[in-house]
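Visitor: Numbering (our numbering), first residue to last: 498 to 893.
Glycine included, C-beta positions come from ideal geometry on N, C-alpha and C.
Since the model is a prediction, treat every value here as computed from it, not as a measurement.
One structure, as C-alpha cells, below. Some questions next.
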C-alpha cells in the first residue's frame, strides 16, 4: 500500500491511549457498529466494526486495562469526515482486494495515468458498511455484495463474507504445533475471508483477476523489529524487493540465510515484499520495549498467481508479492499519518466460475511475557535469540 497523505489536523486527544478499554470507548463514541469478542477462559479481547468493512481495529491479551495492539487513526475517526484517495482509519487487520496498480488495477480508472491524483481506494474496501450476518460471544460474520471495475474495464460482481473468530489457548497450541512457554499471556484470532464470483460469466486471466489482501497496522517502538522467515534457496535475495520507496538502508534491514529483520520504529518510511517462491507462511515482530511478540499465519502457494500492484503497465501482472512489510515515517514535507508499521499478506488470484469462491484465512497472535518467556518463544518460532534482535536494533 502506498500512503502519501498528510495527517488530518482535527483531533480530540493529545496522544494515543494505550489501553484496550480506552480504544473501545473511543470507537463506540464515534461509530455505530462496534463488536467486542471476548473469551470466558482468559482476558483476550478483539474489537471489530462493520462501519469499516469488518475491520479488526485492535486486540488485547489483558482485558479492559490491557495493552492495545492495533494502531487507530484517532484524528480521522473522530473527525467524522471522509477524505480523498484513502480513508486510513487504521486497524490491525483490514480487508482489501488486489491488484493496486497495473493494467488490471482496481485503484485507477481506465485509461488514466498511474499517479497519485488518479489513485482511489475502491469504496467497497474503504467506505462501505458491511452487515452482520451472525454473531456469538467469540465470533462475528459480515457480508457485503457489490461490483468493482478494473483498469482494463472488466466489471467484477462479487459477494464478500468475512468472519472474525477469537481463538482460545487450545486453538493457539494447535496452530503453533507447540505449547506456549509458561508466563505468556496471549490473544489470537482467525479471519476467514471469502470472495464469490456473483456474476454470470467466468473470471479469466486475460481480463484480470482479484486477490484477497489483508493489511495489519500496529504500534511501533524504538525497539520493534519485523521478523519474516523465507526459504533459503539459491536466488532468494533476488525474490525479495526492498526498494518500493527507495532502497531501505542497511541499518534498517538485514537479510540472513532464511530470516529477514526489518526495523519497525515508525521513523523511516520503507517497504519490502517477498515473492511466493520464497515467502514462508508466517511473519511477525518482536517489541523489546513492551515485551511482546506478534505472529501472523497465512497460506502461501509457491506456484500460484499473485497479482502485481506496481503502478505501471506490467510485463508480469501475476508475479507479485505474497507478503509485504511497511515501516511508516515522515514524508518529504515533514508530515506523517502514523507512526505505525504494517505486516501484510495476500492470497493467490484464481479464475473463478460463476458461484465459485476464493477463501483465504489468516491468524493474528499477540504474546506478552517476561524476557525469559519471550526468549523461549522467539527461539521456537524463528530460532532467533532476542539478543540477536537487540543487536540489530542498536546498529547504526
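Closest to residue 692 by CA distance: which of 644, 808, 787, 537 is it?
Guide: Comparing Cα positions, the closest option is 644.
Visitor: Report the rounded CA-to-CA distance for residue 885 versus residue 832, giving the unit in angstroms.
Guide: Going from the Cα of residue 885 to the Cα of residue 832 covers about 33 Å.
Visitor: Give me whichever residues DSSP pairs with residue 687 in a beta bridge.
Guide: Paired residue(s): 662, 860.
Visitor: How big is the Cα-Cα spacing for residue 559 and residue 673?
Guide: For residue 559 and residue 673, the distance between alpha carbons rounds to 21 Å.
Visitor: Is residue 500 helix, strand or coil by DSSP?
Guide: Here residue 500 scores only 42 on pLDDT, less than 50, and its place in the model should not be relied on; the value that follows carries that caveat. Note: residue 500 maps to coil in three-state DSSP.
Visitor: Less than 9 Å between the beta carbons of residue 556 and residue 517, yes or no?
Guide: Yes, the pair counts as a contact, with Cβ atoms nearer than the cut-off.
Visitor: According to DSSP, which residues form a beta bridge with residue 674?
Guide: For residue 674, which the question treats as bridged, DSSP gives no partner whatsoever.
Visitor: Three-state secondary structure (DSSP) at residue 834?
Guide: Three-state result, residue 834: coil.
Visitor: What is the residue span of the alpha helix (DSSP H) that residue 630 lies within?
Guide: No alpha helix (DSSP H) holds residue 630; the beta strand (DSSP E) holding it covers 628-633.
Visitor: Measuring CA to CA, which of 734, 806, 669, 563 is closest to residue 878?
Guide: Residue 669 is the option with its Cα nearest to residue 878.
Visitor: Can we say the segment 722-742 touches the segment 846-857, given the rule of at least three CB pairs closer than 8 Å?
Guide: No, because fewer than three Cβ pairs between the segment 722-742 and the segment 846-857 fall closer than 8 Å, the two stretches do not touch.
Visitor: Note down, in chain order, each residue of its chain lying with its Cβ closer than 7 Å to the Cβ of residue 752, except the 5 sequence neighbours on either side.
Guide: So the qualifying residues of the chain are 734, 737.
Visitor: Report the partner residues of residue 715 according to the DSSP bridge assignment.
Guide: Residue 715 pairs with 567, 838.
Visitor: What residue ranges within the segment 702-787 form continuous beta strand (DSSP E) runs of no fewer than 3 residues, ordered along the chain?
Guide: Runs found: 708-715, 721-726, 750-752, 756-760, 767-771, 779-784.
Visitor: So, does the segment 715-726 touch the segment 565-583, judging by three or more C-beta pairs under 8 Å?
Guide: Touching, yes, given that three or more Cβ pairs across the two stretches are closer than 8 Å.
Visitor: Cα-Cα, which of 827, 800, 750, 802 is closest to residue 766?
Guide: Of the candidates 827, 800, 750, 802, the one whose C-alpha sits nearest the C-alpha of residue 766 is 827.
Visitor: Just the Cα atoms here: how many angstroms apart are residue 793 and residue 770?
Guide: Cα-Cα distance, rounded: 15 Å.
Visitor: May I ask which residues mark the beginning and end of the alpha helix (DSSP H) holding residue 883?
Guide: 883-890 is the extent of the alpha helix (DSSP H) around residue 883.
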